[in-house]
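Here is the structure we will look at.
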Amino acid sequence: MTWDVALILVTDGLANGAVYLLAGLGLVLIFSVTRVVFVPFGDIAAFAALSLAAFETGRVPPTIGMVAVLAALALATEIGSLLRRGEASRIPKAMLMWGVLPAIPCLLAWLAARPGVPVAVHIAVAVLLVVPIAPLLARVVFQPIADASVLVLLIVSLALHFLLSGLGLLFFGPEGSRTTPLTSAVFTLGDGFTVSSQVVLMVGAAVVLSGLFFLVFERTVAGKALRATAVNRVGARLVGIRPVRTALLAYGCASLLAGLIGVLIAPVTTMYYDSGFIIGLKAFVAAIIGGLVSYPMTAVGALAVGVVESFASFWSGALKDVIVFSLLIPVLMLRSFMAADTEEEEDEVDQ
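According to the numbering used here, the sequence shown is numbered sequentially starting from -19.
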């Protein structure tokens, strides 16, 4: 391996790591607020990519039907819950939130499928179209079992992934799709080394969105509510923060990140209805490196996963995923030793 090849691999690894960084941030956000390891995160990214591909071919995205089905289920669940609690007066508000709001991006997608619509509009609508998916899934599946153990929530989340894969096959079909590059420029650095603008766009988007993520958490009331819920759910409830509302906000933010990821990766890889699962798993490795609580460590882990994957694909394409997932072994061992030391220190203090 020459230095030129190594530099190319590092560049590709950083591009992949940028995608895993955004996905890892979404996973950590949901887990810290709700204790749910949201396995279907990658599926939402795949649906965004397939929606953009449908726009490019002049078709109405099948995602509209999926969102409509989920919205109907969420609305029925909410109305049933209100009727059981004797709060029928809140049904109009529920219809607005769970019926009308999810229908707005569906209507925009239907209008954007017409000829002559700019690409930028297609991109924006493809992202907006998948934003309601995670909150709708949360209302139907996770909110009724919010107090269950982490293991139960993980099993349900995994089952939900397979359900979404089936819905993806039903609505999108088995054919894969790839969109045209968002930009075709090429930058030439020293000694003839070139970097595509698509790679720069992916890395730049990760940096900008991570910065916005930090500002939202530090400077906005909603971000502080999310942080408070992540630190102490009971304490947040005591000071007037509603965990259900912050959970839906976390799901919405994560779904927005997933949509942006889908738009970024759609031009560089052929996406199928089930392609998001492997993206979510590798982001989960990055999140585990961060302990599912630390955003900076998750970012470091995501970049590490991307670089390791790039070099592993050079050495053995068939074993690259095995090598990437093997990163979990030393990380879990290290965390196990650290947890044991912490427990021993706590026992000494108690004595």
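Just so you know, even glycine gets a beta-carbon here, dropped at the ideal spot from N, CA and C.
Fair warning: this is a prediction, and the values are worked out from it, not measured in the lab.
- Contact holds between the segment 106 to 123 and the segment 52 to 59, because three or more Cβ pairs, one in each stretch, are under 8 Å apart.
- In the DSSP assignment, S176 is bridged to V166.
- By the criterion of a C-beta distance shorter than 6 Å, A205 is surrounded in its chain by I221, T226, once the five residues flanking it on both sides are discounted.
- S157 has M251 as its beta-bridge partners, per DSSP.
- In the structure shown, L87 adopts helical secondary structure according to DSSP, grouped into three states.
- Counting every other CB atom within 10 Å of its CB across the protein chains shown gives M46 a total of 16 or more, marking it as buried.
- The continuous alpha helix (DSSP H) containing G215 extends over residues 213 to 218.
- Across the structure, G22 and S235 are spaced so that their CA atoms are roughly 10 Å apart.
- CA-to-CA, the gap between F264 and S137 works out to about 13 Å.
- Counting other Cβ atoms within 10 Å of its Cβ, F11 reaches 16 or more and is therefore classed as buried.
- For V188, the secondary structure class from DSSP, reduced to helix, strand or coil, is helix.
- As the crow flies, the alpha-carbon of L240 is around 7 Å from that of A25.
- In the DSSP assignment, W(-17) falls within the alpha helix (DSSP H) that extends over -17 to 14.
- Look at E289 here: in three-state DSSP terms it is helix.
- For T37, the secondary structure class from DSSP, reduced to helix, strand or coil, is coil.
- Where A267 is concerned, the enclosing alpha helix (DSSP H) starts and stops at 256 to 269.
- I84 and P41 have their C-alpha atoms some 14 Å from each other.
- The three-state reading of DSSP puts T200 in coil, since its state is none of H, G, I, E or B.
- Exclusion of the five residues before and after L283 leaves G(-3) as the residues of its chain whose Cβ lies within less than 6 Å of its Cβ.
- Of the other Cβ atoms in all chains shown, fewer than 16 fall within 10 Å of the Cβ of T(-18); this residue is therefore exposed.
- Here L30 is near S157, since their CB atoms are less than 7 Å apart.
- Shown here, S306 sits in coil according to DSSP, grouped into three states, outside any helix or strand.
- Excluding sequence positions up to five before and after L181, its CB lies within less than 8 Å of the CB of L162, T163, L244, all in the same chain and listed in chain order.
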